[in-house]
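Right, one structure below, let's go through it.
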Amino acid sequence: MTENSIRRMSLKSFTSERSAEELHTLIDTVPDAMVISDEDANIVAFSTGSEQMFGYCEADVVGESVYLLMQSPDREGHDWCIDRSKKTGEARVVGTDRVTTARHRDGSTFPIRLSIGVLDFGEQRGFVAYIRDLTESHQTERELHKLQSELAHVSRISSMGSLATSLAHELNQPLTAVANYAHSARDLLSDPTPETIELVREALDECAAEALRAGQIVHRLRDFIKRGETERQIASLRRIIQEASALALMNGDGKGVDFETEIDREADEVIVDPVQIQQVMHNLIRNALEAMLESRHRQLRVRTQKTSDGFAMVSVMDSGPGLDQTVAERLFHPFNGTKQNGMGIGLSICHSIVQSHNGKIWAEPSALGGTAFHFTVPLAETGNDE
Ligand code: ADP
Numbered sequence: 595m596t597e598n599s600i601r602r603m604s605l606k607s608f609t610s611e612r613s614a615e616e617l618h619t620l621i622d623t624v625p626d627a628m629v630i631s632d633e634d635a636n637i638v639a640f641s642t643g644s645e646q647m648f649g650y651c652e653a654d655v656v657g658e659s660v661y662l663l664m665q666s667p668d669r670e671g672h673d674w675c676i677d678r679s680k681k682t683g684e685a686r687v688v689g690t691d692r693v694t695t696a697r698h699r700d701g702s703t704f705p706i707r708l709s710i711g712v713l714d715f716g717e718q719r720g721f722v723a724y725i726r727d728l729t730e731s732h733q734t735e736r737e738l739h740k741l742q743s744e745l746a747h748v749s750r751i752s753s754m755g756s757l758a759t760s761l762a763h764e765l766n767q768p769l770t771a772v773a774n775y776a777h778s779a780r781d782l783l784s785d786p787t788p789e790t791i792e793l794v795r796e797a798l799d800e801c802a803a804e805a806l807r808a809g810q811i812v813h814r815l816r817d818f819i820k821r822g823e824t825e826r827q828i829a830s831l832r833r834i835i836q837e838a839s840a841l842a843l844m845n846g847d848g849k850g851v852d853f854e855t856e857i858d859r860e861a862d863e864v865i866v867d868p869v870q871i872q873q874v875m876h877n878l879i880r881n882a883l884e885a886m887l888e889s890r891h892r893q894l895r896v897r898t899q900k901t902s903d904g905f906a907m908v909s910v911m912d913s914g915p916g917l918d919q920t921v922a923e924r925l926f927h928p929f930n931g932t933k934q935n936g937m938g939i940g941l942s943i944c945h946s947i948v949q950s951h952n953g954k955i956w957a958e959p960s961a962l963g964g965t966a967f968h969f970t971v972p973l974a975e976t977g978n979d980e
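In the numbering used here, each residue's number is its place in the sequence shown (first place is 1) plus 594.
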């Protein structure tokens with residue numbers, strides 16, 4: 595069977611042979627990927643742009659489900675909305691345009707912009723998806739600009755820069771005092787008399803007081819971060835995860851990573867500040883990807899589950915080397931980390947955000963061999979945010 599006859603057969607179920615041919619010629623001119631499916635989400639046409647984007651030939655995928663091309667949450671079907679549109683006669687996602695992730699033939703995951711429309715051929719209906727690959731960084735920058743600015747990524751980095759400078763400045767004074775008192779105490783002990791011992795006692799008292807002062811400065815900073823404006827609303831956890839994943843995978847960082855998401859539909863509607871929870875997801879996914887840079891097998895799983903006490907639990911699991919022992923002891927403390935170019939503040943920010951949502955965050959060894967981070971946020975139905 596030639597390639598062309600496959601095209602004709604598939605689109606022919608919708609329209610005449612000649613129109614099918616013409617329609618295919620038309621979709622092949624679209625620079626982005628264009629995929630046409632029937633009402634049951636089975637692929638009937640796959641444009642040349644799609645072949646390039648996904649690595650499949652049209653002959654491989656015609657008749658297959660569109661979920662072959664998608665990441666797990668979409669695979670489960672809520673996004674293509676075939677089921678719902680069949681029952682209700684309307685396609686909920688039609689016309690919506692959103693950022694999510696897709697799966698290449700080689701198993702890697704990449705960020706996309708997806709929009710879906712209805713094709714109405716009288717008796718027969720189908721869906722047409724326009725897909726733009728957001729992997730290339732200059733393209734990504736433009737396409738993800740809105741998301742990125744929402745996440746205030748850049749401004750966070752720059753405000754963290756100035757925050758770090760003033761923090762270093764403020765902490766420097768008590769820390770220098772601690773060092774001076776400790777040196778004096780040591781010198782005084784070289785000639786231990788009752789008077790010098792008394793002086794040593796005073797020096798140590800001062801030392802302790804200065805150390806407490808340093809602690810208060812750090813506390814003030816935490817309060818400041820906690821006080822940050824939060825805008826609670828009912829949001830879809832699945833959508834938050836999709837957008838954060840797409841952001842974290844930009845610049846092709848998902849290449850070679852087996853990335854799966856497993857979404858519990860029961861744990862979807864949460865009451866959160868979506869931007870902040872995206873920030874948490876983004877930090878955890880980036881950390882997992884960075885931890886696996888040297889790993890031979892790179893597996894990343896994101897899973898959501900409903901807990902018995904009315905929360906949604908999100909897990910980010912990797913197959914990296916696991917946590918460094920010294921980092922693990924102070925995991926959610928600021929300025930704690932192993933990365934040369936990292937400030938070691940990502941997890942402490944995640945901790946503050948999750949706590950301010952009345953949730954918990956913790957880490958443990960992952961079944962995939964690396965680390966699993968879990969955090970909880972209140973489900974909308976239970977009012978746990980109070
Ligand atoms: P940074 O902002 O520098 O990324 P984080 O607070 O996010 O710092 O992370 C602190 C440290 O925790 C990292 O330097 C790393 O040592 C460790 N870490 C975080 N996530 C993981 C992970 N998934 N696997 C192994 N180590 C991790």
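We put the CB at the ideal spot given by N, CA and C, even for glycine.
Within 10 Å of its beta-carbon, does residue i have 16 or more other beta-carbons around it, so buried, or fewer, so exposed?
| i | result |
| --- | --- |
| H777 | exposed |
| L973 | buried |
| D677 | Model confidence at D677 stands at a pLDDT of 39, short of 50, so the residue's coordinates are unreliable; what they give is reported in the following sentence. So D677 counts as exposed. |
| D799 | exposed |
| Q870 | buried |
| A842 | buried |
| E837 | buried |
| L728 | buried |
| Q893 | buried |
| E804 | buried |
| I828 | exposed |
| Q919 | exposed |
| T787 | exposed |
| F770 | At residue 770 the sequence reads Thr, which differs from the Phe that was named. Classification of T770: exposed, given that the 10 Å Cβ count is below 16. |
| Q646 | exposed |
| P868 | buried |
| E975 | exposed |
| G931 | buried |
Between the Cα of residue i and those of the options, spot the shortest distance and give me the residue it belongs to.
| i | options | result |
| --- | --- | --- |
| L962 | V851, E764, L841, V921 | V851 |
| S839 | G809, D785, D903, V910 | V910 |
| M907 | P786, S913, I835, G931 | I835 |
| D858 | F905, L765, F704, A808 | F905 |
| R926 | P868, I630, V772, A957 | Reading the sequence as shown, one finds Phe at residue 926 and not Arg. With distances taken between Cα atoms, F926 lies closest to A957. |
| T642 | Q949, P768, I621 | I621 |
| F967 | S950, H951, E975, C944 | C944 |
In the DSSP assignment, find the unbroken alpha helix (DSSP H) run with residue i in it and report its ends.
| i | result |
| --- | --- |
| E860 | From DSSP, E860 is part of no alpha helix (DSSP H); its letter is neither H nor E. |
| T642 | 642-648 |
| L878 | 868-885 |
| S909 | Per DSSP, S909 belongs to no alpha helix (DSSP H); it is in the beta strand (DSSP E), 905-912. |
| R833 | 831-842 |
| V921 | 919-923 |
| V655 | 652-655 |
Rounded C-beta distance between residue i and residue j? I'm assuming under 8 Å.
| i | j | result |
| --- | --- | --- |
| V655 | F640 | 5 Å |
| V722 | I630 | 5 Å |
| H698 | G657 | Rounded, the Cβ-Cβ distance is 20 Å, inconsistent with contact. |
| L831 | V864 | 5 Å |
| N877 | G940 | 4 Å |
| I710 | D626 | Actually they do not touch by this definition, with Cβ atoms about 13 Å apart. |
| A635 | M664 | Their Cβ separation, rounded to whole angstroms, is 10 Å, which puts A635 and M664 out of contact at 8 Å. |
| E764 | I811 | 5 Å |
| T965 | G953 | Not really, about 19 Å apart at Cβ, beyond 8 Å. |
| L708 | R692 | 6 Å |
| G848 | S644 | Between S644 and G848 the Cβ distance is about 19 Å, and since that is not below 8 Å, they are no contact. |
Quick check on residue i: does DSSP put it in helix, strand or coil?
| i | result |
| --- | --- |
| E825 | coil |
| G953 | coil |
| I725 | strand |
| T855 | strand |
| N636 | strand |
| L713 | strand |
| H891 | coil |
| G940 | helix |
| P786 | coil |
| L793 | helix |
| R807 | helix |
| R699 | coil |
| E658 | coil |
| A776 | helix |
| A762 | helix |
| A961 | coil |
| V812 | helix |
| T932 | coil |
| T619 | helix |
| T901 | coil |
| P625 | coil |
| R915 | Here residue 915 is Pro; the residue named in the question, Arg, does not match the sequence. Coil. |
How would you write the range of the beta strand (DSSP E) that residue i sits in, first residue to last?
| i | result |
| --- | --- |
| V971 | 965-972 |
Does ligand 3 have even one heavy atom less than 8 Å from the beta-carbon of residue i?
| i | result |
| --- | --- |
| I939 | Absence of ligand 3 is noted for the structure shown, with ligand 1 being the only ligands found. |
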